[in-house]
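S.K.:
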Amino acid sequence: MEDTRLVHALQNRQNGAMERFQTAYTPLLRYIIAPILPDERDREECLSDVLLQVWDSIGTFDPTRATLTTWLTHLARNAALNRRRGNEHRREGGTLDEAMPDAADGPEQSLLKAEAARVLWAAVERLGRRDRELFLRKYYYYQPTAQIAAESGLTVRAVEGKLYRIRKHLQSELGGVFHG
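As structure tokens, then:
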């Protein structure tokens, strides 16, 4: 219920709404961004980008499609990944032409990629709660194995073993299409 009031306050640009939002959600956003961006300055800039994006796009938030927390984790993850890709591209000295979509990725290729992602996501959704959580933390949120182990009460070796078995299970379920 508090999320509903906070979203409403942000949408109506009420005084203090953004400060309340930052107090409540900055720790979550930092938690999502940190494993993806190793540089502290990049993390802070990314956090600022996400906060601005929340302010600019809170009107598009639809509570029937996702919780506020889910929406925010997707915004933070995507912003961090985009920043990381940009950093990698700059380090490699790429040109603007190289950053443009490949002509080979036409509509058919895009549809095939989207379908493969949908099939993989459906298989991940069928995993048990704990396996799904481990898989997403490692491969969706890019958390280090040591962090996952420490926060889940497992050893690093146990997490690695579970992730290996999860990948093998998904590979078997998807007929070898998944390579991980």
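Its first residue numbered 89, the sequence shown is counted upward by one per residue in my numbering. Note that beta-carbon positions come from the ideal geometry of N, C-alpha and C, so glycine has one too.
What are the start and end residues of the alpha helix (DSSP H) that includes Ile120?
M.R.: Ile120 -> alpha helix (DSSP H) spans 105-121.
S.K.: Fully enclosed by the stretch 186-268, which alpha helix (DSSP H) runs are 4 residues long or longer?
M.R.: Complete alpha helix (DSSP H) runs here, min 4: 195-213, 217-227, 233-240, 244-261.
S.K.: Please list, in chain order, all residues of the same chain as Asp91 whose beta carbon is under 6 Å from its beta carbon, the five residues on each side excluded.
M.R.: Here the set comprises Leu156.
S.K.: Starting from Leu94, trace the alpha helix (DSSP H) both ways and give me its first and last residue.
M.R.: Residues 90-99.
S.K.: Within the stretch 120-174, note down every full alpha helix (DSSP H) run reaching 4 residues or more, in order along the chain.
M.R.: Correct list: 128-145.
S.K.: Taking a contact to mean a Cβ-Cβ separation below 8 Å, would you say Leu262 touches Ala211 in this structure?
M.R.: The answer is yes: Cβ separation under 8 Å.
S.K.: With a cut-off of 8 Å, do at least 3 Cβ pairs link the stretch 107-115 to the stretch 214-226?
M.R.: Contact fails: fewer than three Cβ-Cβ distances are below 8 Å.
S.K.: What number of angstroms, rounded off, separates the C-alpha of Leu125 from the C-alpha of Gln197?
M.R.: Whole-angstrom Cα-Cα distance: 29 Å.
S.K.: Quick one: is Leu258 buried, meaning 16 or more other Cβ sit within 10 Å of its Cβ, or exposed?
M.R.: Burial call: buried.
S.K.: So, for Ile146: in the same chain, excluding its five sequence neighbours on each side, which residues have a beta-carbon less than 8 Å away from its beta-carbon?
M.R.: The answer, listed in chain order, is Val95, Leu98, Gln99.
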